[in-house]
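Colleague: Here it is: the structure, laid out below.
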Amino acid sequence: MGYRLYGKRNFASDDVRHIYYIVSNQNKYLALKRIVDINPDIYGIIFCKTRKETREIAESLIQDGYNADALYGDLSQSQRESVMNRFRNRILQFLVATDIAARGIDVNDVTHVINYNIPDESEIYVHRSGRTGRAGNTGISVCIIHSRETRNLREFEKKIGKSFERIMIPSGEEVCEKKLFHFIEKVKKIVVDEQSMKTFLPEIQKKIGVTTFGESHGNALGGIIDGCPAGIELNLEEIQNELNRRRPGQSSIVTQRNEPDKVNFLSGILDNKTTGTPIGFIIFNKDHQSDDYRHIQNIYRPSHSDFTYEKKYGIRDYRGGGRSSARETICRVVAGSIAKQLIKDIKITSYVSSVGNISINKPYQDLDLSKIEENSIRCPDPYTAEKMISLIRKIKKKGDTIGGTITCVIKNVPVGIGEPVFNKLHAELAKAMLSINAVKGFEYGSGFFGSELTGSKHNDLFNSDGSTKTNFSGGILGGISWNGYLF
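Be aware that the sequence shown starts at 1, since it is given in the UniProt record's numbering, and climbs by one per residue.
Here's what the structure looks like:
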């Protein structure tokens with residue numbers, strides 16, 4: 001049992017830790033969710049004072065996606081046995097119960113007892129806390145109280161001979177990080193039936209995939225990179241440098257949101273080398289001013305995803321666009337920076353080539369691409385860069401925005417990347433680029449301009465050494481890379 005009786009006085013078990021959280025009454029349920037979320041392996045009993053409260057808390061937990069059910073006096077014997085069997089078999093993670101209904105519960109591996117309301121008598125508290133810390137296990141007894149109830153706890157301390165430790169309610173960041181760590185550990189422990197997977201392994205091993213999560217005004221964004229080979233030495237400082245290049249608030253011509261964008265790697269990297277396991281990472285949001293968007297909570301912004309998200313999912317995150325925000329691209333920067341370090345011989349360079357009706361009137365071969373970082377617009381032509389910046393400031397002063405184009409040049413691409421039909425290289429590139437928020441078009445090689453040329457002028461004629469006189473094809477023939485230069 002989890003408690004001992006000496007004469008007429010109850011003493012709590014040495015195997016139970018007693019902690020408490022102080023919250024206002026209106027925040028008690030939110031605090032309960034934070035407490036259970038910060039303990040992802042929790043298996044517990046939540047004690048309430050009344051049958052009504054027991055039902056309400058259980059129903060709220062169920063609606064919020066938790067495996068919970070209620071145990072109270074109005075249940076029939078068969079209903080009670082059904083609830084208890086599901087709890088004993090761990091089908092339920094939480095049992096919400098009154099003191100009377102919980103009599104006779106005999107489960108040895110309960111990790112937490114949560115007192116949603118502290119009882120009036122210390123004997124009842126000892127009996128509740130005795131539901132955990134059994135059979136040689138340790139347990140935790142949690143009290144969620146109002147500040148005026150601290151006096152009651154002091155009385156409990158005297159009567160049961162134990163001290164209560166105050167714990168602060170975990171922040172959203174702490175909960176997010178804890179749950180992500182827990183998820184990653186579960187992924188790492190999954191036992192794969194290699195014999196069943198044998199047919200698929202060659203194709204799986206060809207691909208490195210990334211799964212991302214998070215919203216513009218959520219607690220954090222992050223992702224898991226899977227399929228990265230083991231033993232690759234990574235320059236973590238270079239990854240952060242790439243994030244710093246993307247970071248908002250760098251100049252007057254970009255969003256003024258001030259985010260540090262510090263990446264934290266959670267798994268898959270040891271001593272700056274990949275371990276071959278999934279690489280988990282997280283970036284916390286610090287400067288999300290959600291109240292700035294409250295006035296458009298019930299308004300659909302033109303040319304945004306507000307309308308379609310609400311119609312498709314029945315709900316939308318109006319705060320900065322939620323998942324549809326361009327802030328989502330921060331996860332791609334982390335994954336892309338790691339990918340760049342895996343293909344060091346391939347050189348990828350991109351720059352702003354036009355803003356509005358102002359554009360660079362030179363081919364990329366005539367530009368000094370080393371000058372890209374010398375101005376805030378990242379245009380390699382200084383004269384054109386100044387004109388672009390001036391136009392953006394002029395448009396911004398009017399409360400408006402303006403579009404532009406980006407040119408990308410990729411050198412040293414091996415011959416043979418891409419497939420002949422559905423997975424053509426330019427199709428894969430187009431998919432990647434068009435999945436970026438607000439991107440409206442994608443061209444490679446001569447692009448749409450090629451439609452104005454005759455075939456004889458558009459054809460890339462071969463030189464005697466296998467190179468070509470022009471590169472209208474953009475380095476791709478039949479969906480497959482061929483000359484080492486993608487444009």
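Note that CB positions come from ideal geometry on N, CA and C, so glycine has one too.
For Glu123, which of helix, strand or coil comes out of DSSP?
Modeller: Reduced to three states, the DSSP call for Glu123 is helix.
Colleague: Is Ile19 helix, strand or coil by DSSP?
Modeller: Strand at Ile19.
Colleague: Identify, in the order they occur along the chain, each residue of the same chain with its Cβ nearer than 7 Å to the Cβ of Ser473, setting aside the five sequence neighbours on each side.
Modeller: Hits under 7 Å: Gly445, Asp460.
Colleague: Ignore the nearest five residues each way along the sequence and tell me which others in Ser481's own chain have a CB closer than 8 Å to its CB.
Modeller: Excluding residues within five positions, the ones whose Cβ falls inside 8 Å are Val413, Pro414, Val415, Gly416, Ile417, Gly418, Leu425, Gly475.
Colleague: Assess contact between the region 105-124 and the region 23-39, defined as three or more Cβ pairs (one per stretch) separated by less than 8 Å. Is contact present?
Modeller: Judged by Cβ distances under 8 Å, the region 105-124 makes contact with the region 23-39, as three or more pairs qualify.
Colleague: Quick check on Thr405: buried or exposed, where buried means 16 or more other Cβ atoms within 10 Å of its Cβ?
Modeller: Classification for Thr405: exposed.
Colleague: Excluding the five sequence neighbours on either side, which residues of its own chain have a C-beta within less than 6 Å of the C-beta of Cys143, listed in chain order?
Modeller: The answer, listed in chain order, is Tyr20, Asn115, Ile118.
Colleague: Rounded to whole angstroms, how far is the Cβ of Ile330 from the Cβ of Leu234, which I believe are closer than 8 Å?
Modeller: Their Cβ separation, rounded to whole angstroms, is 18 Å, which puts Ile330 and Leu234 out of contact at 8 Å.
Colleague: Roughly how many angstroms separate the alpha carbons of Lys162 and Asn25, rounded to a whole number?
Modeller: Their backbone Cα atoms lie some 26 Å apart in a straight line.
Colleague: Go to Ala427, then tell me how far its alpha helix (DSSP H) extends in each direction, as first and last residue.
Modeller: Its alpha helix (DSSP H) spans residues 425-434.
Colleague: Is His146 helix, strand or coil by DSSP?
Modeller: Three-state result, His146: coil.
Colleague: Please state whether the Cβ-Cβ distance between Lys178 and Ser122 is less than 8 Å.
Modeller: No, the pair does not count as a contact, with Cβ atoms beyond the cut-off.
Colleague: For Glu242 and Pro380, what's the separation of their Cα atoms in angstroms?
Modeller: Approximately 18 Å, taken between the alpha carbons.
Colleague: Would you tell me roughly how many angstroms separate the C-alpha atoms of Thr255 and Gln297, rounded to the nearest one?
Modeller: The alpha-carbon atoms of Thr255 and Gln297 are separated by roughly 21 Å.
Colleague: Looking at Val263: is its Cβ nearer than 8 Å to the Cβ of Ile232?
Modeller: No, Cβ-Cβ distance for Val263 and Ile232 is not below 8 Å.
Colleague: Could you check how far apart the C-beta atoms of Arg148 and Ile45 are, in whole angstroms? I think they sit under 8 Å.
Modeller: Going by Cβ atoms, the distance from Arg148 to Ile45 rounds to 25 Å, so no, they are not a contact pair.
Colleague: State yes or no: is the C-beta of His217 within less than 8 Å of the C-beta of Ser303?
Modeller: Contact: no.
Colleague: Going by DSSP, what residue range makes up the beta strand (DSSP E) through Val113?
Modeller: Looking at the DSSP string, the run of the beta strand (DSSP E) that includes Val113 is 112-115.
Colleague: Check Gly231 in the structure and name its three-state DSSP category.
Modeller: Three-state DSSP puts Gly231 in coil, outside helix and strand.
Colleague: Taking the CB atoms as reference points, tell me whether Gly280 and Leu180 lie closer together than 8 Å.
Modeller: Contact flag set, yes.
Colleague: As a quick exercise: from Pro260, Cys228, Ala230, pick the residue whose alpha carbon is nearest that of Leu221.
Modeller: Checking every option, the nearest Cα to that of Leu221 belongs to Pro260.
Colleague: Just curious, the alpha helix (DSSP H) that Ile307 is in, first and last residue?
Modeller: The residue you asked about is not Ile; residue 307 is Phe in the sequence shown. That run of the alpha helix (DSSP H) goes 306-313.
Colleague: Extract the residue ranges of the beta strand (DSSP E) inside the region 260-335, only unbroken runs of 3 or more that lie entirely within it.
Modeller: Complete beta strand (DSSP E) runs here, min 3: 263-265, 279-284.
Colleague: Please state the DSSP three-state secondary structure of Tyr3.
Modeller: Low local confidence applies: a pLDDT of 42 at Tyr3 is under 50, so the model's placement there is unreliable, and no value is given.
Colleague: Which value, in whole angstroms, describes the spacing of the CA atoms of Glu388 and Asp400?
Modeller: Residue identity differs from the one stated: residue 388 is Met in this sequence, not Glu. So the two alpha carbons sit approximately 15 Å from each other.
Colleague: Can you have a look at Pro420 and say buried or exposed, based on whether 16 or more other CB atoms are within 10 angstroms of its CB?
Modeller: Result: exposed.
Colleague: Under three-state DSSP, which class holds Thr54?
Modeller: The answer is helix: DSSP assigns Thr54 an H, G or I state.
Colleague: DSSP on Leu367, reduced to helix/strand/coil?
Modeller: Reduced to three states, the DSSP call for Leu367 is coil.
Colleague: Would you check if the distance between the CB atom of residue 489 and the CB atom of Ala335 is smaller than 8 Å?
Modeller: Only positions 1 to 487 of the chain appear in this structure, which leaves residue 489 out of reach.
Colleague: Where DSSP assigns a beta bridge to Glu165, which residues make up the other side?
Modeller: The partner list for Glu165 (beta bridge, DSSP) reads Ile19.
Colleague: Taking the alpha carbon of Met433 as the point to measure from, which residue in Tyr318, Arg332, Thr212, Cys228 has its own alpha carbon closest?
Modeller: Nearest option by C-alpha distance: Arg332.
Colleague: Determine the extent of the beta strand (DSSP E) in which Val36 is found, giving its start and end residues.
Modeller: Unbroken run through Val36 is the alpha helix (DSSP H), 28-37; no beta strand (DSSP E).
Colleague: Can you name, in chain order, every residue of its own chain whose Cβ lies under 8 Å from the Cβ of Phe442, other than the five neighbours on each side?
Modeller: Closer than 8 Å at Cβ, skipping near neighbours: Leu429, Ala430, Met433, Leu434.
Colleague: Cutting at 7 Å between CB atoms, please list the residues of its own chain near Ile392, excluding the five before and the five after it.
Modeller: Excluding residues within five positions, the ones whose Cβ falls inside 7 Å are Ile253, Val355, Ile402.
Colleague: How should residue 497 be labelled, buried or exposed, when 16 other C-beta atoms within 10 angstroms of its C-beta is the threshold for buried?
Modeller: The shown model of the chain, from 1 to 487, leaves out residue 497, and the question about it has no answer.
Colleague: Can you tell me the Cα-Cα spacing of Asn85 and Asn39, whole angstroms?
Modeller: Their Cα atoms are separated by approximately 23 Å.
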